[in-house]
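For reference, the structure is listed below as structure tokens.
Residue numbers (the numbering used here): 45 to 550.
Following this line, the structure appears as structure tokens:
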């Protein structure tokens, strides 16, 4: 393994000397033309006259004028449902061997096609992440160590002509042969579907591994580390993994988990954010002096940006047709956008459901700011998750607590609208005082919310529960581990059911 690690290190050094980040605007134009050219004879390409777009003097504008914006429901109802029935050449040439399943928040259930071209693109994006490690201060022997990837089961559901599973499981099931020498927990444990059983097996095997990096959603990685430490009677995870240097986060913001995660470590790690969604590998952090991620602009995904303002979004959190849509070149820094993608899996002008802020156009770097449906606007309060996180951060600072999960809703109760929060924290706080803190912070940072509080929004209420109650709910109603995420915003009926469940556990 030492020899193979040395080869990887040399490849990184060599690529670092000869390669340069591509011009993002030229790369994006090239990607779009490649996508349109390859899909021009599909049912989708024929309907939207891709051949005419290719002949246009301004193919990007022609593409935006000719092809409507899609969300998952529209894409599935008009196109992707035929793929699940065995039809081919619908939105991408041929058929596909895999569908990524996701409970998501833009739809109750998603079945997203994962083509062979997308699997190749995900591998290439992963290699871009590996190559960027040259920018981080890591010991020489780091590349000889093993990588623990905590994801969904690689035991995929076999249908007549395809397999189904979460994207992390599909990706792990398709790792290249050379990487299997580094990959943990290994194919046997990775195929275990039951979360508790999988984590217990990892805890048993963990002392025999030499882990250099871990990847996975923060909440589930933290639960795994706690189990390993408890089972093996350790002080910190570094007692058995002294060479652990890197944690690669994905799916949600890592910062709320930093304090509690570092209690499980002997020393802080190098933290690297990635953006791997069911629809593709979109971005990765490439340098240590930022918490932004660089969009992968030259690998099978074309990005578009819709200004995240009320006039552009309907009541269901979907982008309206005909609104202003910008390319990466046209978009501005420090402005919140709804992200659209067109991909080598046959997603076209597809609203992935995330909102992002461009932090550095030259480097094509972004931060995920929230979700289009994680957006409260029942009575004009217009609260994004980014603003809600500010309220939670203020709460943490004042009460010296850790809030790793929360969800909120605006409900109509006793003839008035109330904003209700359920917060998962590590200690008790005065709920009335917590509500005051959050309310004031939101008023100070959101004019629309401040106006709403003088009109229809008559109050704020907070309930604090142990964070484990959130995970118990996820296990019962969604899925524990893998890509499962806790929604930050719920509609009134779902919130009432969630609240009733977690309060019964108290």
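Note that beta-carbon positions come from the ideal geometry of N, C-alpha and C, so glycine has one too.
None of these values were measured; they are calculated from a predicted model.
Simplified DSSP state of residue i, which is helix, strand or coil
| i | result |
| --- | --- |
| residue 543 | helix |
| residue 184 | helix |
| residue 531 | coil |
| residue 536 | helix |
| residue 548 | helix |
| residue 306 | helix |
| residue 446 | coil |
| residue 459 | coil |
Burial state of residue i (16 or more Cβ within 10 Å)
| i | result |
| --- | --- |
| residue 131 | exposed |
| residue 556 | Absent from the structure is residue 556, since the part of the chain shown begins at 45 and ends at 550. |
| residue 225 | exposed |
| residue 242 | buried |
| residue 213 | buried |
| residue 306 | exposed |
| residue 388 | buried |
| residue 201 | exposed |
| residue 159 | buried |
| residue 458 | exposed |
| residue 310 | exposed |
| residue 262 | buried |
| residue 365 | exposed |
| residue 485 | buried |
| residue 143 | buried |
| residue 298 | buried |
| residue 416 | buried |
Beta strand (DSSP E) segment containing residue i, residue limits
| i | result |
| --- | --- |
| residue 324 | 324-328 |
| residue 397 | 394-404 |
| residue 376 | Note, residue 376: premise wrong, no beta strand (DSSP E); not H, not E. |
| residue 320 | 314-321 |
| residue 389 | Premise fails: residue 389 is in no beta strand (DSSP E) and is neither H nor E. |
Residue range of the unbroken alpha helix (DSSP H) whose run includes residue i
| i | result |
| --- | --- |
| residue 365 | Counting along the chain, residue 365 falls outside any alpha helix (DSSP H), and DSSP gives it neither H nor E. |
| residue 354 | First-last for residue 354: undefined, no H or E at that position. |
| residue 69 | 68-82 |
| residue 339 | From DSSP, residue 339 is part of no alpha helix (DSSP H) but of the beta strand (DSSP E) over 337-339. |
| residue 87 | 87-91 |
Residues near residue i in its chain [Cβ-Cβ closer than 6 angstroms; skip 5 each side]
| i | result |
| --- | --- |
| residue 370 | 349 |
| residue 66 | 342 |
| residue 443 | 473 |
| residue 169 | 325, 340, 343 |
| residue 503 | 462 |
| residue 414 | 399, 428, 429, 430 |
Cut-off 8 angstroms between Cβ atoms - residues of its own chain near residue i, not counting five sequence neighbours on either side
| i | result |
| --- | --- |
| residue 233 | 242, 245, 246, 249 |
| residue 436 | 300, 447, 450, 467, 482 |
| residue 77 | 98, 103 |
| residue 403 | 334, 336, 377, 378, 409, 410, 411 |
| residue 328 | 169, 172, 173, 176, 316, 317, 318, 319, 337, 338, 340 |
| residue 80 | 89, 94, 97, 98, 103, 107 |
| residue 381 | 349, 350, 351, 352, 370, 375, 399, 400, 401, 402 |
| residue 278 | 272, 284 |
| residue 354 | 421, 426 |
| residue 519 | 239 |
Cβ shell of residue i (< 7 angstroms), same chain only, five flanking positions each side left out
| i | result |
| --- | --- |
| residue 82 | 137 |
| residue 186 | 256, 289 |
| residue 373 | 69 |
| residue 268 | 194, 243, 246 |
| residue 544 | none |
* Continuous beta strand (DSSP E) assignments of at least 3 residues falling wholly in the region 98-178 -> 142-146, 154-158
* Completely contained alpha helix (DSSP H) runs for the region 247-297, where each covers 4 or more residues -> 262-275
* To do: Please go through the region 464-527 and give each complete alpha helix (DSSP H) segment of 4 or more residues, from N-terminal end onward.
  => 475-489, 491-497, 512-521
* Mind listing, in chain order, the continuous beta strand (DSSP E) runs of no fewer than 3 residues lying wholly within the region 188-244? => 190-193, 207-209
* Please list the segments of the beta strand (DSSP E) lying wholly inside the region 405-432, counting only runs of 3 or more residues, in order along the chain. => 409-415
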